Amino acid sequence: MDFTSFLIQLLNSVQYGFLLFLVASGLTLVFGIMGIINLAHGAFYMFGAYIVWWLFGFTESLTLSILFGVPLIMLLGLAIERLAIAHLYQRDHLYQVLLTFGMILVLNECQKIFWGTDFYSVPVPEVLSGSIPLTENQVYPIYRVFISIVCMLIAAGMYLLIQKTRLGMTIRAGASNREMVQALGVNINWVFAVVFSLGAGLAGFAGMIGAPVSSVYPGMGDQILIISFVVVVIGGIGSIKGAFIGAMLIGLADTFGKVLVPDFASMAVYATMAVILLWRPQGLFGQSAH
Amino acid sequence: MFRTSLTTNLILICLLVVLAALPPFLGIYYGNMVTRLMILGIFAMSLDLLIGFTGLVSFGHAAFFGLSGYILGIVMMDTETASIYWVLPACLGVTALASLVIGWFSVRTSGIYFIMITLAFAQMLFYFFNENTALGGSDGMFIFAKPTLAIGSWNPIDFEDHHTFYYVVLVSLILSYLGLRRLLNAPFGQVIQGIRTNEDRTRALGFATRRYKLVSFIIAGTLAGFAGFLEAMHTSIISPAHLGWHESGNVMMTVILGGIGTLHGPVLGAFAFGFLHDWLQDVTEHPTLYMGIFVIAVVLFLPRGIAGLPADIARWLRRKPPGDGGSPP
Amino acid sequence: MSEPILTTVRLGKQFGALRAVFGVSLEFEPGVVHAIIGPNGAGKTTLINLLSGNLPPSDGSIHYRGQDITGLSPDRISQLGVGRSFQKTNIFPTFTCFENCWLAAQSRRPSSMRFFRPARRLVDVEARALNALETCGLGERRDTVAAEMSYGEQRQLEIGMMLATEPDLLLLDEPLAGMGSEEATQVIGLLRRLAEEHTLILIEHDMDAVFAIADLITVMVNGEVLKTGSVEQIRNSAEVQQAYLGVEEDEA
């Protein structure tokens, strides 16, 4: 592999890693703070992609579609949290897995009923459709760089939100000690609803901004869900920092796996996970049992 | 601890008699369906050993079910006939080895980690077969011939015959059930039930709990492999979907629907699940949608499953109807 | 003097910046009831957790009958003959009393990796379980599900389970916690009887009980040993009064 191809793959890894991070960060927050294992998280990613495709039909603009789409996804998340997830806080993980599994069946079927089983594509916005020339015959699409930059800004925003704001403080406190937060007079139900809706919004946004690159198809939510689980496990449950590192590692493993061992690229991801868990069973930044 | 009441045992024996007497009345479609549901019953029982009796929520149990089928497929790929005397041990051996490796990693963790790690390992196997073009990739492979029980020219049981195979599966189901019962009442079974109830205390009593969890994981995985072997024999096809996480979710659902930690419940669950799905396919265009709603409803309203239903109903009947006032004497 | 059954050498446990236990060097004589007392947060339960293997120590070492057991897992330590009861009731709530003690007794079999023969046919285990039930005073409650019993009875069961493992050394973490006076009297009687055949290391807040049962008392403050001595020595020590009993009075 020459340097330019290496650079291209590296950029691809980073871009994929950032998208994964947006999905996985919601997942890990919901685990860490609410103690909920949410299999339906991937569905938000999928619905994000479909909604942006559907809105694009009216608005003809990716930006507008995303602006309208994100609140829709957040509302969907809020509704699901209030109607179903809220009943699960005191229940065993087993029931959380099952209920959200049932929800996947429902949401995937709804997707088929609303939008059918065809593959759709969303065009890259005019301004971002160009490419950056790397060598005489190798170019890199601007839009992919754009995705990375936007995701980076969101990641930075999230960092500020969690580290510097009052809401972030409550979220962090809730993750480490739920009773304490309640004792301080914060309505924990409200915090949970916000966190869940925020997580849904992030996953949905990832689906939207990624739609022009990945295209829009049934089952896209399941695929990203499982990979996000791997990211969360690698990073350590509840750790945003861990989710970031994990997402980047998986981005690298997947992208370079596809180039170096094309037949078993998907396995490369899981092999990465196995190695890391062998070394640290609770993930890179997870709290150990003691 | 695992106990069954006399009533439960009597009901189970009655159901067994019905299953044994049923084949002449079933026809090919329903005969095959009941055969398949009995196989899924074995599969679900094996998961109940983990979830219901050891307290290990495995979300990758289908891996062993499918892996065993693939081994059968690979063995039968280039051969017309093969003897079951070595094919079955090969299938179970590979499955046991896989559950040893996966279990070794997984039992180091607990809670959410255990759920996700078992899921991730199952996905790893899924992709291994899904991307392996020599084994048919995502389409899977046909199993053109079944291994036989023949010794020389003498073949006591012909697996190709639908009726015969029905009874082979029925006997397998009964033996699996009785074997697991035996296991649960043996010293080993006492320890894993202790682990499910209170792992820390079990360790404090002097049991190396991780070893027991691993062995339970291997037994459950191997039994799932046995079910997968029967399934592949039955349908003559094996595909990555058999290992996928939807399959793992379905079998988990079967266990809950039937009644977790009851052993016979998961078999009931397999039947309820199977007939419901069959019926939904007839009456609606979107069976999956209603299946999903059903799953959600079971989790919210029937956490003790079908096997717990008689107790739930009894408790409900003992309550006086509202308006009557007062609590029961 | 006989060889100590358990020795700790400069034992320490650090949680982040917190020194929960520090420089604890103690010798526990066989057949002696050795109580460990001290104000809340003195590190008593942490010390028990170190001795039973539930926590790995950060410093120092532990020796049981001359063998270094530092860092062994709880199951290994239990198998050597060290039984423990927990401060927070730690039983199998869905099991009957008999089943609770059964599992404890079964742990003394060479291996429980037995998959076929019914466990109930192991007569030696049954005898040990029943014996433990009788000793802890729950012989009548044999088939009662543990969760349905009173708190005091559950505490008794906790001790019964420990006995069913036939330990030589008992680590008791506040066996009287939360008990009514009648139940407490019963358990004190039980501990007295146990003391005849076992070595006891006892953490307890009830001073009357400690003074009644203990042969030796160690006072811990802020994770360190303040003083070890006989009941009389401790009762009359000005140092102890000030550091420990005084604190109690202030709180009251």
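Residue numbers (this note's numbering), protein chains in the order written: chain A, 1 to 290; chain B, 291 to 619; chain C, 620 to 871.
We treat Cβ as the ideally placed atom computed from N, Cα and C, and that holds for glycine.
Source: prediction; values computed, not measured.
Taking 3 residues as the minimum length, the beta strand (DSSP E) runs contained wholly in the stretch 118-185 of chain A are 131-133, 139-141, in order along the chain.
When C-beta atoms of the stretch 25-36 of chain A are compared with those of the stretch 190-198 of chain A, three or more pairs fall below 8 Å, so the two segments count as touching.
Boundaries of the beta strand (DSSP E) around ILE836 of chain C: 835-840. In terms of beta-carbon proximity, GLU370 of chain B stays away from the interface with chain A, with every pair separated by 7 Å or more. Taken in chain order, the complete alpha helix (DSSP H) segments of 4 residues or longer contained in the stretch 729-790 of chain C are 742-754, 770-783.
Note on geometry: alpha-carbon atoms of LEU378 of chain B and ILE8 of chain A lie some 49 Å from one another.
At a cut-off of 7 Å between beta carbons, MET46 of chain A makes no contact with chain B. For the set B:GLY511, B:VAL397, B:VAL585, the Cα lying nearest the Cα of THR385 of chain B is the one of B:GLY511. Straight-line spacing of the CA atoms in GLY257 of chain A and MET248 of chain A works out to 14 Å. With its beta carbon less than 7 Å from one in chain A, GLN413 of chain B belongs to the interface. Taking 7 Å as the threshold, the shortest C-beta distance from ASN488 of chain B to chain C falls below it. When secondary structure is reduced to three states using DSSP, LYS241 of chain A falls in the helix class. For ARG703 of chain C, the enclosing beta strand (DSSP E) stretches over residues 701-704.
Taken through DSSP and simplified to helix, strand or coil, TYR217 of chain A comes out as coil. Secondary-structure assignment with DSSP links THR438 of chain B through a beta bridge to B:SER373. Between the beta-carbon of ALA514 of chain B and that of GLY359 of chain B there is about 11 Å, and that puts the pair past the 8 Å contact cut.
Collapsing the DSSP output to three states places ALA386 of chain B in a helix.
Neighbours of TYR95 of chain A in chain B, taken as residues whose beta carbon is under 8 Å from its own, are ILE546, VAL589, PRO593 in chain order.
Each residue's CA atom was taken as its position, placing LEU55 of chain A and LEU62 of chain A some 9 Å apart.
Secondary structure at GLY515 of chain B: helix, using DSSP grouped into helix, strand and coil. In the assembly as shown, LEU300 of chain B is an exposed residue. Its beta-carbon has fewer than 16 other beta-carbons within 10 Å. Of the residues assessed, VAL307 of chain B falls on the exposed side of the cut-off, its CB having fewer than 16 other CB atoms within 10 angstroms.
Around ARG629 of chain C, no beta-carbon contact reaches into chain B at under 7 Å, the shortest distance being about 26 Å. By the CB criterion at 7 Å, GLY331 of chain B and VAL588 of chain B fall outside the cutoff. Excluding sequence positions up to five before and after LEU99 of chain A, its CB lies within less than 7 Å of the CB of ALA84, LEU88, all in the same chain and listed in chain order.
For SER644 of chain C, the enclosing beta strand (DSSP E) begins and ends at 637-647.
Proximity of the stretch 331-345 of chain B to the stretch 499-511 of chain B meets the contact definition, three or more beta-carbon pairs being nearer than 8 Å. MET335 of chain B has a beta carbon lying at 7 Å or more from every beta carbon in chain C. Judged by beta-carbon spacing, SER621 of chain C lies within the 7 Å limit of PRO649 of chain C, meaning their Cβ atoms are closer than that value. Contacts between MET543 of chain B and chain A, judged by CB atoms closer than 9 Å, involve LEU98, PHE101, GLY102 in chain order. In terms of Cβ geometry, LEU630 of chain C and VAL643 of chain C form a close pair [threshold 7 Å]. Residue state for ILE596 of chain B is assigned as coil, using DSSP reduced to three classes. With a threshold of 7 Å between beta carbons, THR708 of chain C makes no contact with chain B. About 17 Å separates the CB atoms of LEU645 of chain C and GLY672 of chain C; that is not less than 8 Å, and the two are not in contact. Close to chain B, meaning a Cβ-Cβ distance shorter than 8 Å, is no residue of the stretch 809-823 of chain C at all.
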